[in-house]
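Undergrad: Residue numbers (our numbering), protein chains in the order written: chain A, 17 to 389; chain B, -15 to 241.
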Amino acid sequence: MTVQEHLSRFEAVAKDPAGQLKGHLAQGRKVVLTAPVYTPEEIIYAMGLVPMGAWGGDMELRRSKEYFPAFLCSIVQSIVELGMAGAYEGASAIVIPSLCDSLKVLGQNWKYAVPSIPFIPMTWPQNRTPDYARDFILAGYERLIRDLEAATGAVFEEERLEEAIRVYNDHDRAMRELAKVLAAHPEVSAAQRSAVFKSAWFMDKAEHTAWVTELLAALREAVVGPKKLPVVTTGVLADAPGITALLDEYGFTVAADDVAAESRQYRTDTPEGGAPLERLARKFQAMDCCSVLYDPQKRQVEHIVRLAKDSGAKAVVMLLTKFCDPEEFDAPLIKKACDAAGLPMVQIEVDRQMVNYGQARTMLETLRDTLTA
Amino acid sequence: MYTLGIDIGSTTSKCAVLRDGAEKLAASLALGGIGTKGPAEALDGVLKDAGLALEDMAAVAATGYGRTRCEQAGMQASELTCHALGAHAAFPQVRTVVDIGGQDAKVISLVGEGRMRNFMMNDKCAAGTGRFLDVMASVLQIPLDELGSRAVRAESAAAVSSTCTVFAESEVISLLAGGVDMDALAAGICASVAGRTAALVKRLGVVPAVCMSGGVARNDGVRAALEAELGEPILVSPDAQLFGAVGAAIYAYKKAT
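(1) Give me the Cβ distance between A42/B and Y(-14)/B, rounded to the nearest whole Å; I'm assuming they're in contact under 8 Å.
(2) Just the C-alpha distance for A0/B and A37/B, rounded to the nearest angstrom, thanks.
(3) If we cut at 9 Å on Cβ distances, does D(-9)/B have a partner in chain A?
(4) Below 8 Å on the Cβ atoms is my contact criterion, and I expect V308/A with A353/A to pass it. Report the Cβ-Cβ distance as a whole number of Å.
(5) Which of helix, strand or coil does DSSP assign to V177/B?
(6) Quick check: is the beta carbon of L64/B nearer than 9 Å to any beta carbon in chain A?
(7) Identify the residues that DSSP records as bridge partners of V44/B: which are they?
(8) Between which two residues does the alpha helix (DSSP H) holding I101/B run?
(9) At least one CB of chain B closer than 9 Å to the CB of G374/A: is that the case?
(10) Between the region 204 to 215 of chain B and the region 173 to 191 of chain B, are three or more C-beta pairs nearer than 8 Å?
(11) Of the choices L164/A, M75/A, E178/A, F268/A, whose alpha-carbon is the least far from that of H201/A?
(12) With 9 Å set as the bound, which would you pick, yes or no: does the beta-carbon of D107/B sit closer than that to a beta-carbon of chain A?
(13) Could you have a look at S93/B and say whether DSSP puts it in helix, strand or coil?
(14) Where K196/A and R209/A are concerned, what is the direct C-alpha to C-alpha distance, given to the nearest angstrom?
(15) Please classify M219/A as buried or exposed, where buried requires at least 16 neighbouring CB atoms within 10 angstroms.
(16) Run the CB neighbour count on I157/B, radius 10 Å, all protein chains shown included, and call it buried at 16 or more, exposed below.
(17) With a threshold of 8 Å (Cβ to nearest heavy atom), would K351/A be considered close to the ligand NAP?
(18) Grab me the residues of E57/A's own chain with a C-beta within less than 7 Å of its C-beta, minus the 5 sequence neighbours each way, in chain order.
(19) With distances taken Cα to Cα, identify the nearest neighbour of R53/B among G19/B, P76/B, T65/B, D40/B.
(20) Hey, could you find the ends of the beta strand (DSSP E) V333/A is sitting in?
(21) Name the chain B residues whose beta carbon is nearer than 9 Å to that of P141/A?
(22) Taking the CB atoms as reference points, tell me whether R368/A and S94/A lie closer together than 9 Å.
(23) Have a look at E278/A and K31/A and give me their C-alpha separation to the nearest angstrom.
(24) I'd like to know whether the C-beta of M61/B is nearer than 9 Å to at least one C-beta of chain A.
(25) With a threshold of 16 other CB atoms inside 10 Å of the CB of R144/A, please say whether the residue is buried or exposed.
(26) So, is the C-beta of D83/B closer than 9 Å to a C-beta in chain A?
(27) Got a sec: is the Cβ-Cβ distance from N102/B to anything in chain A below 9 Å?
(28) Looking at the strands, I want to know which residues DSSP matches up with K(-2)/B.
(29) Do we get a CB-CB distance below 9 Å when we pair D385/A with the residues of chain B?
(30) By how many angstroms is the C-alpha of G35/A removed from the C-alpha of A42/A?
(31) Would DSSP call R3/B helix, strand or coil?
(32) Considering only residues of the same chain and omitting the five flanking positions on each side of R45/A, which have a CB-CB separation below 8 Å?
(33) Determine the DSSP secondary structure at C66/B, reduced to helix, strand or coil.
(34) In its own chain, which residues sit with a C-beta less than 6 Å from the C-beta of D273/A, not counting the 5 before and 5 after it?
(35) By the 10 Å Cβ neighbour count, where 16 or more other Cβ atoms means buried, how is S122/B classified, buried or exposed?
(36) Check for me: the alpha helix (DSSP H) holding F218/A runs from which residue to which?
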């Protein structure tokens, strides 16, 4: 298969999560939805269930307004909108973490808005690094396991978690390698790159790792395309077709990303040593550089600048999800750090209801002009 | 060499014809932006005034929100690029350009030779834009041009929200019902736009000299309030609304030579 044929496979999956859901169910597998931003998918996978990401979709929000005010994160609203429209029917449960206020509200309202799909909370500690936080995380896992067993009838066995952790660590490594290799292949469009990352949410991770490994092999043999303007993307999501199309139209290539739905997921492996659940808890404790992971040092800010420098990016494109408080609080700090580093940054406001990309077009076109003048 | 710049905005369309990328031969402005007869009228007007035909143009560049739908243009450039070029041509000493158009506000930071160093745009909201002034003039039932002159002669400014056009409209109606003086209301409305814009300018950094471009530059009330907010005098050209079109014509010249 050519690189383009490999990429087409990922695009087909990314565009059809409903088809993926049907496919898993047709194989007799039970599906558990996972809401943003971090859920311990390894536990779900270890129970023989398929975790499928539920990050909403680009659409007009109507029925979700029965539960939410207008000025609330549209990702959260679109998850409920899809749930109320029946898009997730067939799933056995949804796991919603407690990492921001909007997600807490999502869990509370899901119970009433989509009663056919049980809501399972995953309560993370805000102060995640102290030793006592590990006990809190473990207690959260125990609750999660009990709820999953009740909702799906599946049974948790710690030995099978070892294997699930291996599958997920392999996937993390493959995705990190992919991000690095894609940076050297500007002929892969921003839309195609986005599709590879997005498809990971809908596929069995072992299968996705196999696909990514095949893509990597094909990329190593491929002719590298003409140079483009390398940028780092940051934000919660970067999958809006209107945005990726503009990045491609104006000659940008994503040299690296700091996107919650993309590379932020794959930075931290589960460490070796100890009981598997405890290892998984230590993974969450080690995660960092994300707006929803509490950090008084705000290391994410320097992380983005370093990412840009290390990847040779000429600018940072911040895709700021409207009404996302954690991201909006950090945005001025990131802007300041980019300015100090002499790194141009554009902040494009995005949401799940976006139909007009005029302002984004102007910003990206102007960014290109400033970088090529 | 003649070049033509076409700036199709959200509420107006502007054109400029330059000779050798510098001398303005003709310019036009027509009401109505993208999706209206405005662009065609502006184009007819500028060619008639210049005594030239479209075929005489060595290059044509389009800018503004309607730039991607301009059939006559062989190239496009963002309005920030064009306003930067237009402002630099009018005021070579300018380092900060504040462009308040019908639908958005932009701040551009320039380096010495008129090259863009950085820029910032408002969020997706009508507050702090020309649309806000349109809505308020309509509420007050006065011509848009009168807002500025009333604001300048006001003894005090009424407090008007800069957060949201819809909220501010309700506020202004309440203030009218409360008998607040019309001039004070006009001053409050202009101050509201200036306050919102000043926040954007300060985020980018106020580097003198500062100039205004876009249609709102014609509003003396907004300009005076913005000067007070920024603590800097603001240069305004009678052609401020044409900076985008002039900049597009300069852009076309640069690309053609």
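By construction, the Cβ of each residue, glycine as well, lies at the ideal position given by its N, Cα and C atoms. Bear in mind the structure is a predicted one, so any value in this text is a computation, not a measurement.
TA: With the given structure in hand:
(1) Confirmed, Cβ separation roughly 6 Å.
(2) 13 Å
(3) no
(4) Not a contact, Cβ separation roughly 19 Å.
(5) helix
(6) yes
(7) Note: V44/B sits in a beta bridge opposite L(-12)/B.
(8) Note on identity: in this sequence residue 101/B is Arg, with Ile being the wrong assignment. No alpha helix (DSSP H) contains R101/B, which is instead part of the beta strand (DSSP E) from 100 to 105.
(9) yes
(10) yes
(11) F268/A
(12) So yes, D107/B belongs to the interface.
(13) strand
(14) 12 Å
(15) buried
(16) So I157/B counts as exposed.
(17) With respect to the ligand NAP, the structure shown offers nothing to examine, as it has no ligands at all.
(18) T50, P67, Y184
(19) G19/B
(20) 331 to 337
(21) Neighbours of P141/A on chain B: none; closest Cβ ~33 Å, over 9 Å.
(22) When the beta-carbon positions are compared, R368/A and S94/A come within less than 9 Å of each other.
(23) 16 Å
(24) According to the sequence shown, residue 61/B is Ala rather than Met. Answer yes: the Cβ-Cβ gap between A61/B and chain A drops below 9 Å somewhere.
(25) buried
(26) D83/B does not count as touching chain A.
(27) Yes, because at least one Cβ of chain A sits closer than 9 Å to the Cβ of N102/B.
(28) D(-9)/B, L13/B
(29) yes
(30) 10 Å
(31) Reduced to three states, the DSSP call for R3/B is strand.
(32) G64, L65, V66
(33) helix
(34) Once the five neighbours on either side are set aside, the close Cβ partners of D273/A are T249, S279.
(35) exposed
(36) That residue, F218/A, is in no alpha helix (DSSP H); it is neither H nor E in DSSP.
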